[in-house]
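Notes follow the structure.
Set out below in structure tokens:
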């Protein structure tokens, strides 16, 4: 099969004037790979196959998936500067990793606020141990995480997913979809194994605690009861959903201030 035969093209029968809908549907004779590339370039967020299929007239989801595979192969050519990346359940165009240096030079004078090492530490703990409270993070790190939590909330990398059923009902934190996008992850399962960092995760609780020796050994930190880690109602319905509203951030700021 030739390269051209492997490329799906919109034909007149599937995109005739009689069946034409909104203006954003694909015109007659347009190569679907060109349409997909344009859609992915124009979209500020990754696009799922369902979203792409809904925007194309007469094209099923299986055809879209096959066409995305063809586009990914076409973009792997040495003279192409972009790659197709599957991330956060969708697809987006990204620059080639080996072109980082000229791009870095292009944006050298852009003043982008970076995460501090402390914020990165806290973010890693939340990512591997979510849902988790500020006191639990402080127990792991040994320092007050309030400032780092505020920064991560403002950057929309974490969100409040509920409250723990203990005295004081502290907030539980989890990562967001923005976290997946920022680090190029399709899901939390794509996180590197935590054992690579010399730390063990208790699988039944998904808690991050340094373990010294076997179960019950001296120095091992107990894991809270599983029921205690369950948050209220629909607050925990989607850890990877949209970030909390601004009032959620304000509430966290007030609690963080009260903990000082």
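Numbering (the working numbering), first residue to last: 1 to 260. Beta carbons: idealized from backbone N, C-alpha and C, even for Gly.
For residue 186, the three-state secondary structure derived from DSSP is coil. Assignment of alpha helix (DSSP H) within the region 108–187, counting only whole runs of 4 or more residues, yields 117–129, 134–141, 146–154, 177–183 in chain order. The DSSP-derived three-state label of residue 106 is helix.
The continuous stretches of alpha helix (DSSP H) do not include residue 93, which lies in the beta strand (DSSP E) extending over residues 90–95. Residue 176 counts as buried, since at least 16 other C-beta atoms from the protein chains shown sit within 10 angstroms of its C-beta. In this structure, DSSP gives residue 194 a helical state, which the three-state scheme calls helix. Apart from the 5 residues on each side of it in sequence, residue 53 sits with its Cβ closer than 6 Å to the Cβ of 61, 64 in its chain, given in chain order. Here residue 92 is near residue 45, since their CB atoms are less than 9 Å apart. Nearest neighbour of residue 161 by Cα position, chosen from 105, 134, 145, 142, turns out to be 134. Under the DSSP assignment, residue 76 falls outside any beta strand (DSSP E); it carries neither an H nor an E label.
Going by beta carbons, residue 137 and residue 131 fall outside the 9 Å limit. Looking from the CA of residue 180, the closest CA among 189, 58, 154 belongs to 189. Around the beta-carbon of residue 187, fewer than 16 other beta-carbon atoms lie within 10 Å, marking it exposed. By the neighbour-count criterion, in which 16 or more other beta carbons inside 10 Å mark a residue as buried, residue 42 falls on the exposed side.
Residue 185 holds the alpha-carbon nearest to the alpha-carbon of residue 88 among 193, 192, 185.
A straight-line Cα-Cα distance of about 16 Å links residue 172 and residue 151.
Partner residues in the beta bridge of residue 47, as assigned by DSSP, are 91.
Rounded to whole angstroms, residue 39 and residue 128 show a C-alpha spacing of 34 Å. In this chain, residue 99 is not harboured by any alpha helix (DSSP H), its DSSP state being neither H nor E. Between residue 47 and residue 32, the C-beta gap is not smaller than 9 Å, which leaves the two residues out of contact.
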